[in-house]
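Visitor:
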Amino acid sequence: MRRWSTAILAAVVMFAAGVSLLTVFRDRGPASDAGDFAASAADYRIKEVRLREETRTGAKWQLDAEQAEVFEEAGKTSLRKVVIRIEDRGRIWTVTGDEGDLAQATKDVELRGHVVVVTDEGLRLETSRLRWDGQAERAWTEDPVTLYRSGAVVKGVGLSAKVADETVTVSGPVRATLGRTTAAGQVSR
837 MRRWSTAILA AVVMFAAGVS LLTVFRDRGP ASDAGDFAAS AADYRIKEVR LREETRTGAK
897 WQLDAEQAEV FEEAGKTSLR KVVIRIEDRG RIWTVTGDEG DLAQATKDVE LRGHVVVVTD
957 EGLRLETSRL RWDGQAERAW TEDPVTLYRS GAVVKGVGLS AKVADETVTV SGPVRATLGR
1017 TTAAGQVSR
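The sequence shown begins at 837 in the working numbering and counts up by one.
1. Would you list the residues sitting across from Val989 in a DSSP beta bridge?
2. Cβ atoms of Leu995 and Thr977: under 8 angstroms apart, would you say?
3. Taking the alpha carbon of Ala901 as the point to measure from, which residue in Leu1014, Val953, Arg881, Ala1012 has its own alpha carbon closest?
4. If you follow the beta strand (DSSP E) that Asp1033 is part of, which residue opens it and which one closes it?
5. Run through DSSP, which three-state label would Ser914 get?
6. Which residue or residues does DSSP assign as beta-bridge partners of Asp924?
7. Is the closest heavy atom of the ligand MG to the C-beta of Glu902 under 7 angstroms?
8. From what residue to what residue does the beta strand (DSSP E) around Asp900 run?
9. Name the two residues that bound the continuous beta strand (DSSP E) containing Thr955.
10. Can you tell me whether Gln903 is buried or exposed, with buried defined as 16 or more other CB within 10 angstroms of its CB?
11. Name the two residues that bound the continuous beta strand (DSSP E) containing Glu889.
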């Protein structure tokens, strides 16, 4: 369980750092045609965003998004088709979501729509919404979650992961199935 929590938390932390840098570099993006975006009150629009960074701890991350919109007055940045790749201590995580928002003042993040966290160690987390509270260093969702790892499938409604405690709690009702996972992701017993 400790490895699961570390993988999930590291992915969310790296996502928050990546989106934070997006706000710093928002006006360095390529120019776009007004016809490429739906009508929006965004102050800035960036198409095909790619940010890369290596942190002080040696972790490397890359954030890709098809589109970003910055809303200065609301204090948020909205992203579409987000993919984040994190490399840290020999491990690799990929976090994807259809869309997301970053609160610029607090650096809190919310990903929505087919949110998936995958690690190179075989862990896969699926949910429809995942939030990150930068102050509390906590990732959570109140939506249904499914965790897959080495033939085990854990399903619940809600998840809370805390960086400081290195804990992940899946809320209930919780259902766990143990067995071997087939290539199609089905569990055989």
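Virtual Cβ for every residue (Gly too), placed ideally from N, Cα, C.
Guide: Let's see:
1. Tyr984, Thr1013
2. yes
3. Arg881
4. Outside the modelled stretch of the chain, which goes from 837 to 1025, sits residue 1033, for which no answer is possible.
5. strand
6. Arg927
7. The ligand content of the structure shown is nil, which means the ligand MG is not present either.
8. 896 to 907
9. 945 to 955
10. buried
11. 880 to 890
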